[in-house]
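The structure appears below as structure tokens.
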Amino acid sequence: MKELYIIRHAQKENTDNYEYDYDVPLTKRGIEAAKNLGTLLKRKKVLPDLIVSSPAIRARQSAEVIAKEIDYNKGVMYNEVIYQAYLNELVESISYTYDNINSLMIVGHNPSLTALAITFTNFKTELQMATAIKIEFDCDSWTQIDRNNSRFVELYEL
1 MKELYIIRHA
11 QKENTDNYEY
21 DYDVPLTKRG
31 IEAAKNLGTL
41 LKRKKVLPDL
51 IVSSPAIRAR
61 QSAEVIAKEI
71 DYNKGVMYNE
81 VIYQAYLNEL
91 VESISYTYDN
101 INSLMIVGHN
111 PSLTALAITF
121 TNFKTELQMA
131 TAIKIEFDCD
141 SWTQIDRNNS
151 RFVELYEL
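When the count follows UniProt numbering, it moves up by one through the sequence shown with no breaks and lands on 158 for the last residue.
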């Protein structure tokens, strides 16, 4: 059994104030929302084997705040592919995960994260900021994840 948590970053600052979208940080409200999401995930006993995040500032901040709140004591891995990824790139990145990782958390951006959720489940709405979903796959290897062996488990929203 493999578990995938898909998390969209929390509320970001106005992009007009930044030269590059990559550099846009969270707002104070966004930081608080990431903390609250982390608290909710901890209450639900969510503790992944690995957290992988987009390296964009807002995703990094979200991942780091959530990791702290859930008492994740390993380093967050940053994967450039997650930033502005196409759906097939996300799926390919997930499939490269070592099979000793049974629970994987990905922190990133829309529209690709919503597309990922829709691809594997009957989830039909846009993934909102500071929201997570859990998907389970009935398989032993990340290379085997598929819509046919997936199950939407839970939506975590504030």
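For each residue, glycine too, the CB sits at the ideal point set by N, CA and C.
Everything numeric in this text was worked out from a predicted model, so none of it was measured.
Contacting residues, own chain, Cβ-Cβ under 6 Å from Leu90 (five flanking each side not counted): Start at 1 with the first residue of the sequence shown, and residue 90 comes out as number 90. Same-chain partners within the cutoff: Ser112, Leu116.
Assigned exposure category for Tyr72 - 16 Cβ within 10 Å defines buried: To locate residue 72, count along the sequence shown from 1; it is residue 72. Buried is the call here.
The stretch 119-128 in contact with the stretch 94-108 per 3-pair CB rule at 8 Å: no
Same chain, Cβ closer than 6 Å to Ala10, five either side skipped, listed in chain order: Indexing the sequence shown from 1 puts residue 10 at position 10. Contacts found: Leu26, Gly30, Ala33, Ala34, Ser62, Met129, Ala130.
Supposed close pair Cys139, Lys12 - CB separation, criterion 8 Å: The residue given as residue 139 occupies position 139 in the sequence shown. The residue given as residue 12 occupies position 12 in the sequence shown. 34 Å between Cβ atoms; not a contact.
Ile145 vs Ile6 beta-carbon contact at 8 Å: Numbered from its first residue, the sequence shown carries residue 145 at position 145. Numbered from its first residue, the sequence shown carries residue 6 at position 6. No, these two residues do not count as a Cβ contact at 8 Å.
Beta strand (DSSP E) runs contained entirely in the stretch 75-135, provided each spans 3 or more residues: 103-108
Residues sharing a beta bridge with Tyr72, DSSP: As a working note, residue 72 is residue 72 in the sequence shown. Paired residue(s): none; Tyr72 is not in a bridge.
Local conformation of Lys28 per DSSP, three classes: Taking the sequence shown and counting its residues from 1, one reaches residue 28 at position 28. Reduced to three states, the DSSP call for Lys28 is helix.
Lys134 burial status per 10 Å Cβ neighbour count (16 or more: buried): Counting from 1 along the sequence shown, the entry for residue 134 is found at position 134. Buried.
For Val46 and Asn79, the rounded distance between their alpha carbons: Numbered from its first residue, the sequence shown carries residue 79 at position 79. Numbered from its first residue, the sequence shown carries residue 46 at position 46. Going from the Cα of Asn79 to the Cα of Val46 covers about 21 Å.
For Ser150 and Gly38, the rounded distance between their alpha carbons: What you label residue 38 is simply residue 38 of the sequence shown in a count that begins at 1. What you label residue 150 is simply residue 150 of the sequence shown in a count that begins at 1. Spanning the two alpha carbons is a distance of roughly 24 Å.
Whole-angstrom distance between Asp49 and Leu87, CA atom to CA atom: Numbered from 1 along the sequence shown, position 87 holds the residue referred to as residue 87. Numbered from 1 along the sequence shown, position 49 holds the residue referred to as residue 49. Whole-angstrom Cα-Cα distance: 23 Å.
Three-way DSSP call (helix, strand, coil) for Tyr156 in this model: Translated into the one-based positions of the sequence shown, residue 156 becomes position 156. It is a strand residue.
First and last residue of the uninterrupted beta strand (DSSP E) at Tyr5: Here residue 5 corresponds to residue number 5 of the sequence shown, with the count starting at 1. Note, Tyr5: beta strand (DSSP E), 2-8.
Alpha-carbon to alpha-carbon, Tyr83 and Ala59: As a first step, residue 59 is located in the sequence shown; it is residue number 59 there, counting from the start. As a first step, residue 83 is located in the sequence shown; it is residue number 83 there, counting from the start. About 9 Å.
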